Structures are given as structure tokens and as C-alpha cells.
Amino acid sequence: MTRDDIQSIVLNIIAEIAPDEDLSDVAPNVRLRDQLDLDSMDFLDIVMELRKQHGIEVPESDYQELASLDSCANYLEPKFAALQGSN
Amino acid sequence: MSHHRIVITGIGLTASNGNTLEEYRSNLLNKVSTIQNIETRFMGTVHAGVCDFDPLKYQKKKAVRIGTRAGSIGIYCANEAIENSGIDWENQDKSRVGVYVGTTEHGNVETENEIYNISQYDYDIRFWSHHHNPRTVANNPAGEITINLSITGPHYAIGAACAAGNAGVIQACQMLQLDEVDFALGGGVSESIHTFGIFAAFKSQNALAQHEDPTKASRPFDMERNGIVVSEGGCLYTLERLEDAQARGAEILAEVAGWAMNSDATDYVLPNPERQAQCMRAAMKRARMDPSGIQILNTHATSTKQGDIQECDAINEVFGKSDSTYINNTKSYIGHSMGAAGALELAGNLPSFLDKMVHPTINVDELDPQCNVGKLVIGEPVELDCVDAIFNNSFGMLGINSSLVVTRFQD
Chain E
1 MTRDDIQSIV
11 LNIIAEIAPD
21 EDLSDVAPNV
31 RLRDQLDLDS
41 MDFLDIVMEL
51 RKQHGIEVPE
61 SDYQELASLD
71 SCANYLEPKF
81 AALQGSN
Chain S
88 MSHHRIVITG
98 IGLTASNGNT
108 LEEYRSNLLN
118 KVSTIQNIET
128 RFMGTVHAGV
138 CDFDPLKYQK
148 KKAVRIGTRA
158 GSIGIYCANE
168 AIENSGIDWE
178 NQDKSRVGVY
188 VGTTEHGNVE
198 TENEIYNISQ
208 YDYDIRFWSH
218 HHNPRTVANN
228 PAGEITINLS
238 ITGPHYAIGA
248 ACAAGNAGVI
258 QACQMLQLDE
268 VDFALGGGVS
278 ESIHTFGIFA
288 AFKSQNALAQ
298 HEDPTKASRP
308 FDMERNGIVV
318 SEGGCLYTLE
328 RLEDAQARGA
338 EILAEVAGWA
348 MNSDATDYVL
358 PNPERQAQCM
368 RAAMKRARMD
378 PSGIQILNTH
388 ATSTKQGDIQ
398 ECDAINEVFG
408 KSDSTYINNT
418 KSYIGHSMGA
428 AGALELAGNL
438 PSFLDKMVHP
448 TINVDELDPQ
458 CNVGKLVIGE
468 PVELDCVDAI
478 FNNSFGMLGI
488 NSSLVVTRFQ
498 D
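These protein sequence lines map, in sequence, to chains E and S.
Residues in the first sequence are numbered consecutively from 1, following this note's numbering.
Residues in the second sequence are numbered consecutively from 88, following this note's numbering.
Shown next as C-alpha cells:
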């Protein structure tokens, strides 16, 4: 799975939980909360959807790793790779 | 202690047969029921009253997703009522606005959804939503309204079973009389069709309506009635002290002249006609009226065998000698909208002050002789010379009774 794939997965989740947001021009290196109307409850939704849709756990201590699309890709890439390796 | 006169200055509603008062009233006078069949979890096909208002008229998609159906219904009704009231909402002191929303129950829908959700994950509670608590706190529907409308005055939901719609109006009147608020939203909401448990419990109680034509399933007073049609819906009024409404030049739609609530203290489910009659008399006493001054009485009757008869017994006892009181029923069109019922059914009759028409009770093919009460309006509307006062009954489980007396405004 590529970094672009992972960023698409995260964007698709955000599209579900923040359906009023325009996601056509999200900068990958800028904090998501600085460019979208997202609050802490929304990030809990992102964590829940990663769990539900992909079986990925994000412990509370790692929540800051989901700050931007780039940091999401950095953090989630090895997790998705581990999942693929285990399949 | 002086008692302010309290008036209704705005109405916002959604029923299965109308999303505005005009549409709703037109369908009542034209005998249009829109009860339909829906599929519900574990139950299969059931009859239900379903509302088709557009929640996105007043909410963002995200707010609809995070919130509850009861919240959306409340937000729609509150915005419509405020618009209808003509108040300068932008410059209204929001800290002096109170929100009082009656609910029969709240939290069943959201809890059932979460349990079903985790059942898809082998009941692993890691999949239980963090939205569950704000969705299920009892004040949810009222609280969502305050968030949507930036209201910083008091809000709460009033749990009063199926008397809750009236109870919301009564609470609003009381808070205005106490000067706790200057402007109030009062009434009730129901999201109950989204919980299978309500249907299942009525079915277990042998009190869930069944008919080959869903629009004929809710048939109070008819010999073939066999139970309740559960519906969603909502109705909120804007209420003000008379002097405040007059000072801003508001159009006054009606005056809440009297009310009463009491308790049967006898049974969890079965009604008590003696206490219902006491409640009706107490409302009349507060309004300083007698039955002969009431032109329209909206019955609570839910289309159950025993409940309809017992309410008719109570009405006969109180209104039996009144030749001027015409009696109707709104659940025959929209089913039982639970926490919204009292407020919504009152709204269906309010236009009578202007058009002098009494909408009929529909679906009575053969009147139960035990329900042959006074001037029951069946099948066709009746036009009166004048409508000055409407009496609105709403009763609920655990023996909670409520009656409202609403009058045509006369200065």
C-alpha cells in the first residue's frame, strides 16, 4: 500500500465523518484541524473507522500522529504493511 | 402572586402528513392519512407515521450525523416556530430563552443502534461509539436545539410518557409566569419509530395496530380497532407573556388559558378515568371555564380497546352535559406521535379559531357504542359558528394525565 493509498483512506474516512467539508484541496503537510472543521470527537471517529474498516488500532498516546495527511501516512504505513504481511 | 397571561405566537411542526401547519391542517380537513409500512429491525413490517421534512434545512450534515433524530426533529420545529413568530431573533437576548421539550422516551433508538453495531463485531465494546452518551442523555433533544440556535437560557427535556407534548407547553407557561425566561419554546418530539423495542413491547402487550391498509390502522373508537400506530413527529410553540408579545407587535395565535397535570397512582399501563376526569376539571378550573365554553375537545384516544373506552367514560363524566363541545381525534390520521402527540394534536385544531372548522375523526366505520361520546365528529368536518376554546387531552403510561385549555385570543 502506497502513501497515496493511505492518505486516500484517511480522506475517505474524513469525508464520512465531516460531510460538509470540501476535501478537494487538503494540503498533506498542514495540520488537518488548521484547514478543516474537525474537533477532538472527530478524531475519535477517525480512530474508530480505522479500527472498523481496517483493523488498525491507534492508542491514545499516538493520536498526535494523525495530525496531518503526511503524518498519517508516516504513522499508518508500517501498520498497513504489518497487516498485509500477516495476511 | 400575579399570573401573567401566556400566549402562543409561533408554531413549528412536522407530522407524517405535513411539515407546515398549513399542509397539516389541509390534510386533516381533507381526511388524508399517510401512515405507511416500514421495515424495522427484528420486527419486519410494521405500520408507522414517518416524517419527510428536510433536516438539512437547518442543520449541517455533520450535525445530523452526530446528533439524534429527536434532535433533528426538535431543531426543525424550533426554527420553524421562531420564523413563524416573527421575532427579531438576531437581537433576541438568547440567555432569556428557555427550551422545554417533552419526550415519551429518549435513548432507546441510540442504545439499540449501538448494541446492534457491536453485535457486528462479536460484541467487542471497542466498537461502541463515543457519541453514545451525548446522544442518550435525557436532555438531548432540547440541548441540540440550544446548540443549533445559540440559545444560552435553560433547556431540558420533560419525560412524561405520552402526556409529554402538553407537559412541554405547560412547563414553558410556568417558566414564563415565574419570569425565569422571556421567550420559550415548548412542546414535544418523538423519534420512537426508530426503535424496534417500542413496537415489540406494544405487540407483546397486544396493543400494536395491524390492518391490511396502513392508513386505516389507527382507528380510535371503531369496533375493529386493535392497537396503536407508532409515529415520529414534533411540534414546538413559541410562547410569551402577553405584554411582551403585544409590545413587539406579535401576531397572537392563541392564549393558553388553563392546564393541569395529575397522576393516577394506580397502574403502570392501565388508565384511570376518575383521575383523567379530575385532570380535565382542574384544567377547566384554572381557565375559569366550564364545559359549555369549550367548542372542540381533542381526545388522546390511541385506538386501543380499553383506553378509548375509559377516556370516553371520563369525557362523558366531565363534558356529558355540554351540547356545545365537539369531539375529535388526530391519531386517526397521524398515529401516536408519542412525546409530540399533545402538542401536535393541539396544533391540528388551532386553525379552527379562524376557519371555524372541526376536523373529523377518520377510520370509524362502525362506532363502538361504548365510545359514543357527546358530539363526536366522524368522517366529515363540521363547521361551527364560532370557536373560542379548545380542550386538549394527553395521557400516558404510569398514570400521567395532562389537559390544556387554549382559547382564541381576546384582549
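Each residue gets a CB set at the ideal place from its N, CA and C atoms; glycine is no exception.
Note that the structure is predicted; figures quoted are calculated from it, not measured.
Opposite residue i in the DSSP bridges: which residues?
i, result
"Lys-58 of chain S", "What is shown of chain S runs 88 to 498, which leaves residue 58 of chain S out entirely."
"Ile-9 of chain E", "Looking at the DSSP assignment, Ile-9 of chain E forms no beta bridge with any residue, so it has no partner."
"Cys-516 of chain S", "Chain S is shown only over 88 to 498; residue 516 of chain S falls outside these bounds and no answer can be derived."
"Trp-346 of chain S", "S:Leu-491"
"Arg-328 of chain S", "S:Ile-93"
"Leu-384 of chain S", "S:Ile-414 and S:Phe-478"
"Tyr-187 of chain S", "S:Tyr-243 and S:Gly-273"
"Thr-448 of chain S", "S:Ile-465"
"Glu-126 of chain S", "S:Thr-132"
Could you name the residues of chain E that residue i contacts, counting a contact when the two beta carbons are closer than 8 Å?
i, result
"Phe-289 of chain S", "Correct list: empty, because the minimum Cβ distance to chain E is about 33 Å."
What does residue i reach in chain S if we use C-beta pairs closer than 9 Å?
i, result
"Asp-20 of chain E", "Lys-147, Lys-148, Lys-149 and Ala-150"
"Met-48 of chain E", "Arg-213, Phe-214, Ser-216 and His-217"
Give the interface partners of residue i over in chain E, defined as CB-CB distance under 7 Å, in chain order.
i, result
"His-217 of chain S", "Met-41 and Leu-44"
"Arg-213 of chain S", "Arg-51"
Smallest Cα separation from residue i: which of the options?
i, options, result
"Ala-370 of chain S", "S:Asp-395, S:Gly-255 and S:Val-493", "S:Val-493"
"Asp-37 of chain E", "E:Asp-20, E:Met-48, E:Val-30 and E:Asn-29", "E:Asp-20"
"Pro-241 of chain S", "S:Gln-382, S:Asp-269, S:Ser-216 and S:Ile-93", "S:Asp-269"
"Val-151 of chain S", "S:Glu-361, S:Ser-113 and S:Ile-232", "S:Ile-232"
"Gln-363 of chain S", "S:Ala-337, S:Val-405 and S:Tyr-324", "S:Val-405"
"Ile-212 of chain S", "S:Asn-220, S:Glu-201 and S:Arg-222", "S:Glu-201"
"Ser-277 of chain S", "S:Lys-303, S:Asp-442 and S:His-423", "S:His-423"
"Val-474 of chain S", "S:Leu-485, S:Arg-112, S:Glu-338 and S:Leu-437", "S:Leu-437"
"Tyr-466 of chain S", "S:Thr-101, S:Ala-225 and S:Leu-115", "Residue 466 of chain S is actually Gly in this sequence, not Tyr. Nearest of S:Thr-101, S:Ala-225 and S:Leu-115 to Gly-466 of chain S, Cα basis: S:Leu-115."
"Arg-335 of chain S", "S:Asp-351, S:Gln-179 and S:Leu-265", "S:Gln-179"
"Ile-153 of chain S", "S:Val-119, S:Gln-333, S:Ser-216 and S:Ile-174", "S:Ser-216"
"Met-48 of chain E", "E:Leu-66, E:Arg-31 and E:Asp-34", "E:Leu-66"
"Glu-453 of chain S", "S:Arg-312, S:Phe-129, S:His-90 and S:Leu-108", "S:Arg-312"
"Met-376 of chain S", "S:Phe-478, S:Glu-110 and S:Thr-155", "S:Phe-478"
"Asp-498 of chain S", "S:Lys-408, S:Arg-183, S:Ala-332 and S:Gln-207", "S:Ala-332"
"Gln-297 of chain S", "S:Asp-175, S:Asn-488, S:Ile-125 and S:Asn-106", "S:Ile-125"
"Gly-185 of chain S", "S:Glu-267, S:Val-94, S:Leu-100 and S:Leu-108", "S:Glu-267"
"Ile-280 of chain S", "S:Asp-400, S:Leu-433, S:Glu-199 and S:Lys-462", "S:Glu-199"
"Asn-293 of chain S", "S:Asn-220, S:Gly-246, S:Leu-143 and S:Lys-392", "S:Lys-392"
"Leu-44 of chain E", "E:Val-58, E:Arg-31, E:Gln-35 and E:His-54", "E:Val-58"
"Tyr-420 of chain S", "S:Ile-402, S:Gly-105, S:Leu-326 and S:Gly-97", "S:Gly-105"
"Arg-156 of chain S", "S:Asp-139, S:Phe-496 and S:Asn-171", "S:Asp-139"
"Ile-122 of chain S", "S:Phe-129, S:Gly-131 and S:Gly-136", "S:Gly-136"
"Met-262 of chain S", "S:Arg-92, S:Val-451 and S:Gly-435", "S:Arg-92"
"Met-310 of chain S", "S:Val-451, S:Tyr-355 and S:Pro-378", "S:Val-451"
"Ser-390 of chain S", "S:Ile-257, S:Ala-271 and S:Phe-308", "S:Phe-308"
Near residue i, what residues of its chain come up, given a Cβ to Cβ distance below 7 Å and the 5 sequence neighbours on each side ignored?
i, result
"Gly-145 of chain S", "Per the sequence shown, residue 145 of chain S should be read as Tyr rather than Gly. Closer than 7 Å at Cβ, skipping near neighbours: Ile-162, Tyr-163, Asn-166 and Asn-235."
"Asp-141 of chain S", "none"
"Val-445 of chain S", "Ile-383, Tyr-413, Asn-415, Ser-439, Val-464, Pro-468, Val-469 and Leu-471"
"Gly-252 of chain S", "Gly-189, Gly-274, Gly-275, Cys-322, Gly-426, Ala-427, Ala-428, Gly-429, Ala-430, Leu-431 and Ser-481"
"His-218 of chain S", "Ile-153"
"Asp-156 of chain E", "With chain E represented from 1 up to 87, any question about residue 156 of chain E goes unanswered, as that position is not in the structure."
"Thr-127 of chain S", "Val-133, Phe-283 and Phe-286"
"His-387 of chain S", "Glu-398, Asn-480, Ser-481 and Phe-482"
"Gly-173 of chain S", "Ala-337 and Glu-338"
Could you tell me if residue i is buried or exposed, where buried requires 16 or more neighbouring beta carbons within 10 angstroms of its beta carbon?
i, result
"Gly-158 of chain S", "buried"
"Asn-29 of chain E", "exposed"
"Cys-458 of chain S", "buried"
"Thr-282 of chain S", "buried"
"Tyr-324 of chain S", "buried"
"Glu-197 of chain S", "buried"
"Phe-289 of chain S", "buried"
"Met-348 of chain S", "buried"
"Val-224 of chain S", "exposed"
"Leu-265 of chain S", "exposed"
"His-90 of chain S", "exposed"
"Ala-96 of chain E", "Coverage of chain E is limited to positions 1 through 87, which leaves residue 96 of chain E absent and any answer about it impossible."
"Lys-418 of chain S", "buried"
"Lys-303 of chain S", "buried"
Residue i touches chain E at which residues, Cβ-Cβ below 9 Å?
i, result
"Arg-58 of chain S", "No answer is possible for residue 58 of chain S: the residues shown for chain S start at 88 and end at 498."
For residue i, which residues in the same chain have their Cβ closer than 8 Å to its Cβ, ignoring the five residues on either side in sequence?
i, result
"Pro-447 of chain S", "Lys-118, Asn-415, Val-464, Ile-465, Gly-466, Glu-467, Pro-468 and Val-469"
"Thr-353 of chain S", "Asn-359, Arg-362 and Gly-486"
"Ile-396 of chain S", "Asp-455, Gln-457 and Cys-458"
"Cys-72 of chain E", "Ile-6, Gln-7, Val-10, Glu-65 and Leu-66"
Starting from the C-beta of residue i, find all residues in its chain whose C-beta is less than 6 Å away, skip the five residues before and the five after it, and write them out in chain order.
i, result
"Arg-112 of chain S", "Pro-438"
"Cys-366 of chain S", "Ala-347, Asn-349, Asn-488 and Ser-490"
"Leu-340 of chain S", "Ile-95"
"Gly-394 of chain S", "Pro-358"
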